[in-house]
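Student: Below is the structure I would like to discuss, written out as structure tokens.
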Amino acid sequence: MSLQHEVENLLNTLGVTAHGAEPVHSPVDGSQVATYAQATPAEVEMAVAQSCTAFKTWRMVPAPRRGELVRLFGNALRDHKDNLARLVTIDCGKPLSEGLGEVQEMIDICDFAVGLSRQLHGLTIASERPGHRMMEQWHPLGPTLVISAFNFPVAVWAWNAALALVCGNSIIWKPSEKTPLTAIAVQAIFEQAVRDFGDAPDHLSQVVQGGRDVGATLVADPRIALISATGSTAMGRNVGQVAAGRFARTILELGGNNAAIISDKADVALALHGVLFSAFGTTGQRCTSLRRLFVHDSLYDSFVPALKAAASSMPIGDPLDSAHLAGPLIDEAAFAAMQAALEEAKALGGILSGGERVTGNGVYVRPAIVEMTEQSGPVLRETFAPILYVMRYNDLDQAIARQNAVGAGLSSSIFSTDVRECERFLSASGSDCGIANVNIGTSGAEIGGAFGGEKETGGGRESGSDAWKAYMRRATNTINYSNELPLAQGVTFDL
Ligand code: UN1
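Numbering (full-length UniProt numbering), first residue to last: 1 to 495.
Listed below in structure tokens is the structure:
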């Protein structure tokens, strides 16, 4: 069956079709698999107006009842897991096992949010005044815009959507124009949950398809209370500036330039496995992908050849075939950016192995390892491709300093069996990233933790822990149950 037919069938099982003026090509083989429609300015305007109306109703629905909708959505995702995972693979090219993992991540965040829907609580605070009580309440914030990237076309939306829904917000989703099909499918699954739920307001969560212009219109709209955007640092800088101009809330989850340190006290076999998955899994197209590696001098001459051998024999190919550990790059532009970075690294003295195109349809490449003596040029930037820059180190503090000496601050790892080294890495003077791991790679975070990073990664946190607070507004309430009116700080105002 052609991919086009398969896409038609997969969407059919959800009762939807995709059609419009824009072609959709699958990175799996480069073929056109569907067409879809981008929103017109009038449709964008209507979506925002409808989102405002939906919010007014949804914010008054009790939070545990809102959780019930998310529970039904999680169950609908369980029902459609296999089909949606296949569509994820066809839409963005990641291996089917990772497509399944991505849908599992959606299910997990739904479960988390259902529990959360009974725990959106604030503090009761001791008042300094007699007969007074203080407390804080968390209220729904407003229409929430989710801008998602092609590489996690559904999970990152779900992190935001599940929390936003239990927090009482309405949602507008602007998916990447590179992966429009999964958004159509997820919307159909969500609408099934809405039907099962019964009395949710219309247009509670909507998809608005389009490119940069559509995103920019939504970001600038004063009715959108929160913008949660995943993508490049350049995109986030624009979004952040426009949002700041109108004091909108943002959650920015931007580029990473993630590093790992391989200590001389590492479990070498485990480190090798961890490095291969995080650097070259998902074809290096995760914001958490490993891009820089610091290997201890005493291990370097055995570890790096072993890494090169394993990388060059990694099975690359059709991501629907489970024999392959990595699929294609998303498009030709990604390949051009990869080659430009490799050329620049070579000109700076980098020694390259791998990185060449694998013949066939679709943009398949061998993982690239570049030995560098120092961090310069492309090493300091994020290139969304399977490139790992490898460097030697002698002194752990120096390695940590080099790890931190880039703009991004998303994820980091140390591989060591020495507890002192690991704790130094995790301490206040250790990794400056939002995610710091020990004896696992930089990618593949679970939903239970807060996800996000510092510096040019944008500072936002999504998913677990108390990330939900970003989707709500806090009201501090002081209640006087006495017959007096004492003023705070002992101020007198006697009439
Ligand atoms: C992303 O690449 O934008 O930690 C998100 C991970 C995944 C999420 C990545 N759970 O690698």
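The beta-carbon is built from N, C-alpha and C at its ideal position, and this holds for glycine as well.
How far does the beta strand (DSSP E) with Ser411 in it reach, from first residue to last?
Tutor: Looking up residue 411 in the sequence shown gives position 411. Its beta strand (DSSP E) spans residues 411-415.
Student: Do Glu105 and the ligand UN1 come close, with the Cβ less than 7 Å from some heavy atom?
Tutor: For the purposes of this step, residue 105 is taken as residue 105 along the sequence shown, with counting starting at 1. Yes, since a heavy atom of the ligand UN1 falls inside the 7 Å radius drawn around the Cβ of Glu105.
Student: From Ala271 to Val295, what does the alpha carbon distance come to, in whole angstroms?
Tutor: Position 271 of the sequence shown, counting from 1, holds the residue named residue 271. Position 295 of the sequence shown, counting from 1, holds the residue named residue 295. Taking the straight line joining both Cα atoms gives about 11 Å.
Student: What residue range is occupied by the uninterrupted alpha helix (DSSP H) comprising Pro180?
Tutor: Residue 180 sits at position 180 when you count from the first residue of the sequence shown. Run containing Pro180: 180-197, per the alpha helix (DSSP H) assignment.
Student: Do Leu116 and Ala193 have their C-beta atoms closer together than 8 Å?
Tutor: Position 116 of the sequence shown holds residue 116. Position 193 of the sequence shown holds residue 193. No, the Cβ-Cβ distance between Leu116 and Ala193 is not below 8 Å.
Student: According to the neighbour-count rule (16 or more other Cβ atoms, all chains shown, within 10 Å of its Cβ), is Ser298 buried or exposed?
Tutor: What you label residue 298 is simply residue 298 of the sequence shown in a count that begins at 1. So Ser298 ends up on the exposed side.
Student: Quick check on the DSSP output: what are the complete alpha helix (DSSP H) runs of length 4 or more inside the segment 268-323, in order along the chain?
Tutor: 268-280, 297-312
Student: In the DSSP assignment, the beta strand (DSSP E) including Gln206 goes from what residue to what residue?
Tutor: Translated into the one-based positions of the sequence shown, residue 206 becomes position 206. Per DSSP, Gln206 belongs to the beta strand (DSSP E) from 205-207.
Student: Does the distance from the C-beta atom of Ile479 to that of His121 stay below 8 Å?
Tutor: Counting from one through the sequence shown, the residue named residue 479 turns up at place 479. Counting from one through the sequence shown, the residue named residue 121 turns up at place 121. No, Cβ-Cβ distance for Ile479 and His121 is not below 8 Å.
Student: If I measure Cβ to Cβ from Ala164 and keep anything under 7 Å in the same chain, skipping five residues before and after, which residues do I get?
Tutor: Here residue 164 corresponds to residue number 164 of the sequence shown, with the count starting at 1. Cβ within range, chain order: Thr144, Ile171, Tyr471.
Student: Cα separation between Thr417 and Ala85?
Tutor: Working through the sequence shown from its first residue, we reach residue 417 at position 417. Working through the sequence shown from its first residue, we reach residue 85 at position 85. Approximately 36 Å, taken between the alpha carbons.
Student: Grouping DSSP H, G and I as helix and E and B as strand, with all else coil, what is Gly245?
Tutor: Here residue 245 refers to the residue found at position 245 when the sequence shown is read from its first residue. Helix, per DSSP.
Student: The ligand UN1 heavy atoms versus the CB of Asn437: any closer than 7 Å?
Tutor: Here residue 437 refers to the residue found at position 437 of the sequence shown. Answer for Asn437: no, Cβ out of range of the ligand UN1.
Student: Can you pull the DSSP bridge partners for Trp173?
Tutor: Here residue 173 corresponds to residue number 173 of the sequence shown, with the count starting at 1. DSSP lists Val146, Val207 as partners of Trp173.
Student: When a residue counts only if its C-beta is closer than 7 Å to some heavy atom of the ligand UN1, which residues count, in chain order?
Tutor: Glu105, Ala149, Asn151, Phe152, Ala155, Val156, Thr230, Glu253, Arg286, Cys287, Thr288, Ser443, Gly444, Ala445, Phe451
Student: For Ser431, count neighbouring Cβ atoms within 10 angstroms of its own Cβ and tell me buried if that reaches 16, exposed if not.
Tutor: Your numbering for residue 431 matches position 431 in the sequence shown. Buried, since its Cβ has 16 or more Cβ neighbours within 10 Å.
Student: Can you tell me whether Phe493 is buried or exposed, with buried defined as 16 or more other CB within 10 angstroms of its CB?
Tutor: For the purposes of this step, residue 493 is taken as residue 493 along the sequence shown, with counting starting at 1. That one is exposed.
Student: Which same chain residues, not among the five before or five after Gln206, have their C-beta less than 6 Å away from its C-beta?
Tutor: Numbered from 1 along the sequence shown, position 206 holds the residue referred to as residue 206. Excluding positions up to five away in sequence, the list reads Ala47, Ile172.
Student: In three-state terms, what does DSSP make of Arg474?
Tutor: The sequence position of residue 474 within the sequence shown is 474, counting from 1. Strand, per DSSP.
Student: What is the residue span of the alpha helix (DSSP H) that Leu339 lies within?
Tutor: To locate residue 339, count along the sequence shown from 1; it is residue 339. Residue 339 is actually Gln in this sequence, not Leu. It spans 332-347 - the alpha helix (DSSP H) in which Gln339 sits, taken as one unbroken run.
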